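Okay, so the sequence shown: first residue is 1 according to full-length UniProt numbering, each after it adds one. One structure below.
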Amino acid sequence: MPARRKPTSTNKKKAEQQLKRAIKRGDVAPEPKKPTPHRKPKGFRLGPTGQPIGSENVTVESARRLQSTFIKLPENYLEETKRLASTVPLQRPIMAQQAVFASYDHGMRKEDLTCPRRPKWRFDMTKIEVEHNEEGVFKKWVEQTDQTLAEWQVKSSEMLKATTEPEDSRPPSSAVPASPSYYERNIEVWRQLWRVTEISQIILVLLDSRCPILHYPPSLAAYLESRKAILVLTKVDITGPTRVEAWNKYLHAQYPHLPIVSVESYTEKEITAVHQGRAQYEPSIPHHFRQKLIDAIKKVHAEMLEPPERVKSNPSWFKKWVPPVKRNVDWDGLLNATGAKVGAVVGGPAVPQNKLDVDGSLPEMPENQGDGIQEPEVLTIGLIGQPNVGKSSLLNALFGARRVRASKTPGKTKHFQTLYWTSDVRLVDCPGLVMPNYIPMEMQVLAGILPISRVSAVPLCAYNAANFLPIERIYKLVHPTTNVPLVKDKRTWREGMKPEELPDVNRPTWTAIDILTAYADAKGWVTAKAGRPDVHRAGNALLRALAEGKISWAFWPPDTPQETLSSELNEAGLGIWIPQDKLLDPESEQLEESEEEAEDASAKGASSEEEMDSDVVEEFDENNAKTSVVGRFGALEVYDESEDDEIEDEGE
1 MPARRKPTST
11 NKKKAEQQLK
21 RAIKRGDVAP
31 EPKKPTPHRK
41 PKGFRLGPTG
51 QPIGSENVTV
61 ESARRLQSTF
71 IKLPENYLEE
81 TKRLASTVPL
91 QRPIMAQQAV
101 FASYDHGMRK
111 EDLTCPRRPK
121 WRFDMTKIEV
131 EHNEEGVFKK
141 WVEQTDQTLA
151 EWQVKSSEML
161 KATTEPEDSR
171 PPSSAVPASP
181 SYYERNIEVW
191 RQLWRVTEIS
201 QIILVLLDSR
211 CPILHYPPSL
221 AAYLESRKAI
231 LVLTKVDITG
241 PTRVEAWNKY
251 LHAQYPHLPI
261 VSVESYTEKE
271 ITAVHQGRAQ
281 YEPSIPHHFR
291 QKLIDAIKKV
301 HAEMLEPPER
311 VKSNPSWFKK
321 WVPPVKRNVD
331 WDGLLNATGA
341 KVGAVVGGPA
351 VPQNKLDVDG
361 SLPEMPENQG
371 DGIQEPEVLT
381 IGLIGQPNVG
391 KSSLLNALFG
401 ARRVRASKTP
411 GKTKHFQTLY
421 WTSDVRLVDC
431 PGLVMPNYIP
441 MEMQVLAGIL
451 PISRVSAVPL
461 CAYNAANFLP
471 IERIYKLVHP
481 TTNVPLVKDK
491 RTWREGMKPE
501 ELPDVNRPTW
511 TAIDILTAYA
521 DAKGWVTAKA
531 GRPDVHRAGN
541 ALLRALAEGK
551 ISWAFWPPDT
561 PQETLSSELN
571 EAGLGIWIPQ
581 DKLLDPESEQ
591 LEESEEEAED
601 ASAKGASSEE
611 EMDSDVVEEF
621 DENNAKTSVV
631 GRFGALEVYD
641 ESEDDEIEDE
651 GE
């Protein structure tokens, strides 16, 4: 029963208002906040052990534990970057050298940034002891990483001030401050990586081909140094064959011991009236890409079947040596794997512990010898990488159907998933992790590593993107200061007396806020109360379009010669932009998300039988009249022969 309302006197209310105004003016110190009592959420129940019970509570708690966590930017930094984004003019035309990816380490030691490793454990340790050790090691690693990145940020600020030219016309305060670098700070997400690397015998490291080196930092390379890994370049249909080949050569020079393959994960569907002429894509990998990927896995598998030299030199070790992978694998079955069972979740992800050491690595001496060691029953391949590189999309393409949920939002996969490719090979999809790297936050946003909804410095990220792409040219924007109707000259002139029109030498300069304002005006996006252009919504849409590939872009590898840039870039001022015949509109985002949700719902409710590929359902009435019912975005067409006969009779 709600408490009754207490009568308040007018004098007391007036005194409270005067006190509130005095606190606002600063004449009176504010009263300390009273601690709010903790309220239990609805449906919250505790069991005998004090833990929450109920499937709903367990699901919510598990999702919260696997939520990625990052640092929060200070308010003064956000205000300063917003001011600079509205005042610092953009360099136009964009220099060709901007298309080459530049290093941001500023001379810092690459060995100082590492990935956390799972501490060793024993079988006689309890779960609480193991987790306590992991949390202690992880806490120490976070402190060291924060200190290293703080030193790098200070050095970056000094480098930015040093590179400012004295004769620059801009004020000294126009130098954009150095941004921090984000990395995963949740130990639960790192535990997913530990589990995947422990149970996987071959690891596929997926890299976005638009800038692969950004997705394979030295910290991850050092973490996988003792593992059998394959570098897989994704989204090559966006990057183009020329840039992909250039990145292949660069990565081969940097990592000569690692095989490198390229893949595509989507093919365009045939355009029908159901989709209103919009391009639709389905998960599929071309045959030659599938063949190259399987050949690379087959080559690494053959290397793992060969015993090390120290085992070959010792007859007793060689006699007892067991390969760490399954010997006989049906490679033709992988190439032609189809059907409803492909991609099915069968069994659990665990492997017998006697095959691995307690830290997840193979025993050092002697090599896999001893009684009780058996050959693995399946070949386990893990897929790891940063968010939004296409791990789940590659799985769906290999299976030829949507077996796992793939989304444009980075970090959609929360828990590692184990799926069987064939009866001999299983794939493990790891959640994407933001690895520690000497990369500023705005570059991470441009690459699609961070979720746009959690980015607070939208003007800064838009300013960074506009330094690499001519966004105003891509969307054909009109500068806000020139968006006024032209005055028609109605004067009459005698022949030969009309003066020539001089070129406009006072062409307005673009800033990042000008681009967002012009884009918001073009879309009609305004704020609710004041009716101003909604620059924040425009910035979100712009960053999403860049991250999702609606605007095609790609960097060139470092040390790319100027001759290559001059020959490959069709015209000056393009930056990293790859012009396309058709530009996708970010306004279609809501429609695509609704289609993704519908596909996920259909995938959950579908049985193991083959799903229908068409949205058209045919029904027959009692007179065998054919009725065609189209999806919600198509027209409803009903064809009845009896009705046609009646119409003809009436016409006669």
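Note that beta-carbon positions come from the ideal geometry of N, C-alpha and C, so glycine has one too. Every value quoted in this text rests on a predicted model; they were computed, and no experiment measured them.
With 16 or more neighbouring CB atoms inside 10 Å of its own CB, Ser156 falls in the buried class. Bridge partners of Tyr266 according to DSSP: Pro283. Rounded to the nearest whole angstrom, the C-alpha separation of Ala466 and Leu90 is 7 Å. In the three-state DSSP reduction, Ile199 falls in the helix class (H, G or I). Boundaries of the alpha helix (DSSP H) harbouring Ala545: 535-547, taken from the DSSP string. One thing to note: Arg117 has its Cβ within 9 Å of the Cβ of Val137. Rounded to the nearest angstrom, the gap between the Cα atoms of His479 and Ile515 is 8 Å.
Fewer than three pairs of CB atoms, one per stretch, sit closer than 8 Å, so the region 119-127 makes no contact with the region 140-159. Here Gln417 carries a strand assignment [DSSP, helix/strand/coil]. Burial is judged here by how many other beta carbons sit within 10 angstroms of a residue's own beta carbon; His301 has at least 16 and is buried. If one requires a minimum length of 4 residues, the alpha helix (DSSP H) runs lying completely within the region 447-490 are 458-468, 471-474, in chain order. Under the three-pair Cβ rule at 8 Å, the region 529-540 does not count as touching the region 425-442. DSSP lists no bridge partner for Ile23. Here the alpha carbons of Arg5 and Met441 stand approximately 51 Å from one another.
A contact is defined here as three or more CB-CB pairs under 8 Å, and the region 566-582 fails this definition with respect to the region 219-231.
Here the alpha carbons of Ala253 and Glu563 stand approximately 20 Å from one another.
In this model, Glu495 and Asp489 are separated by some 16 Å (Cα to Cα). In the structure shown, Val236 falls within a helical segment according to DSSP collapsed to helix, strand and coil. For Thr145, the closest C-alpha among the options Ser423, Ile71, Ser209 is that of Ile71. DSSP, read as helix, strand or coil, puts Ala229 in strand. Under the DSSP assignment, Leu258 falls outside any alpha helix (DSSP H); it carries neither an H nor an E label. DSSP, read as helix, strand or coil, puts Gly382 in strand. Bridge pairing for Leu574: absent [DSSP]. Burial state of Ser453 is exposed, judged by a 10 Å Cβ sphere holding fewer than 16 other Cβ atoms. Counting C-beta pairs closer than 8 Å gives three or more between the region 385-402 and the region 417-432, which meets the contact rule. Between Asp424 and Asn328, the CB-CB gap stays under 9 Å. In this structure, Ala178 keeps its C-beta atom at 9 Å or more from the C-beta atom of Leu204. Per DSSP, the continuous beta strand (DSSP E) segment holding Arg426 begins and ends at 425-429. DSSP places His106 outside any alpha helix (DSSP H), giving it a letter other than H or E.
Closest option to Ile238, judged by alpha-carbon separation, among Leu293, Thr482, Lys550: Lys550. For Asn248, the uninterrupted alpha helix (DSSP H) segment begins and ends at 241-254.
The shortest CA-to-CA distance from Leu450 to any of Ala554, Ser68, Pro37, Thr36 is the one to Ser68. In the three-state reduction of the DSSP assignment, Trp553 falls in the strand class, which pools E and B. For Leu293, the three-state secondary structure derived from DSSP is helix. Here the C-alpha atom of Leu395 lies approximately 27 Å from the C-alpha atom of Gln580. Residue burial is scored here from C-beta neighbours: Leu305 has fewer than 16 other C-beta atoms within 10 angstroms and is therefore classed as exposed.
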